[in-house]
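Below is one structure, written out as C-alpha cells; comments come after it.
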Amino acid sequence: MVKDLTIEFYLGVVATIFTAVGIWTGLKLTRTKTKVVVQTEFTFNEIELNRLGISKRELEVLTLMAQGLSNQEIADKLFVSLNTIKTHSSNLFLKLEVNRRTQAIQKAKALSLIR
Numbered sequence: 001m002v003k004d005l006t007i008e009f010y011l012g013v014v015a016t017i018f019t020a021v022g023i024w025t026g027l028k029l030t031r032t033k034t035k036v037v038v039q040t041e042f043t044f045n046e047i048e049l050n051r052l053g054i055s056k057r058e059l060e061v062l063t064l065m066a067q068g069l070s071n072q073e074i075a076d077k078l079f080v081s082l083n084t085i086k087t088h089s090s091n092l093f094l095k096l097e098v099n100r101r102t103q104a105i106q107k108a109k110a111l112s113l114i115r
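As numbered in UniProt numbering, residues 1 to 115 make up the sequence shown, in order.
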C-alpha cells in the first residue's frame, strides 16, 4: 500500500514538473519580443562622393540599387535604356573598386554615400 502511494506520488510530481516546464517554455516562445531600433542621423559624405568622381545620376542608380530594384526597374524609373543603367553600374563598380551590386551598396553605406 505504501509502495503504491509512493509511485503515484512520484508520478504526480514528475507530471507536475513536466507541466510547469511545458507552460514556462510555451510562454517563453510565444512572448512578444521587443526590438530596440536606434536611428542615427544620416550625414551625406559629399567629399567622398567628389573624391570618387561619382556623378549625380550614378548616385541615383546606386540609391535605387540599394532599394532592391533590378536594372530594368531602375531603367524604367529613370526613363533611360537598360544599357545605360548597365553602363552606370559598371562605372560605379570601377569607382568603388567592387565586383558586385551587394559590395557596391555595402561600400557606399560605409562611405556614407547612401542610407
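We put the CB at the ideal spot given by N, CA and C, even for glycine.
Distance, ASN99 Cα to ALA15 Cα:
Distance between the alpha carbons of ALA15 and ASN99 is about 60 Å.
Cα-Cα separation between LEU62 and LEU27, rounded to whole angstroms
When rounded, the distance between both Cα atoms is 44 Å.
Closer than 8 Å is the cut-off here; do at least three beta carbon pairs connect the stretch 87–97 with the stretch 50–64?
Contact holds: three or more Cβ-Cβ distances are below 8 Å.
Do GLU46 and LEU111 have their C-beta atoms closer together than 8 Å?
Taking 8 Å as the Cβ cut-off, GLU46 and LEU111 do not qualify as a contacting pair.
Please state if the CB of LEU92 and the CB of residue 117 are separated by a distance shorter than 8 Å.
Residue 117 lies beyond the residue range present for the chain, which begins at 1 and ends at 115; the question has no answer from this structure.
Distance, Cα to Cα, ILE17 vs ARG115?
Straight-line Cα distance between these residues: approximately 51 Å.
Residue ranges of each alpha helix (DSSP H) run of no fewer than 4 residues wholly in the UniProt domain "HTH luxR-type" (45–112), ordered along the chain?
Runs found: 46–52, 56–66, 71–78, 82–96, 101–110.
Under 8 Å, do LEU52 and LEU96 count as touching if we go by C-beta distance?
Remark: C-beta atoms of LEU52 and LEU96 approach each other more closely than 8 Å.
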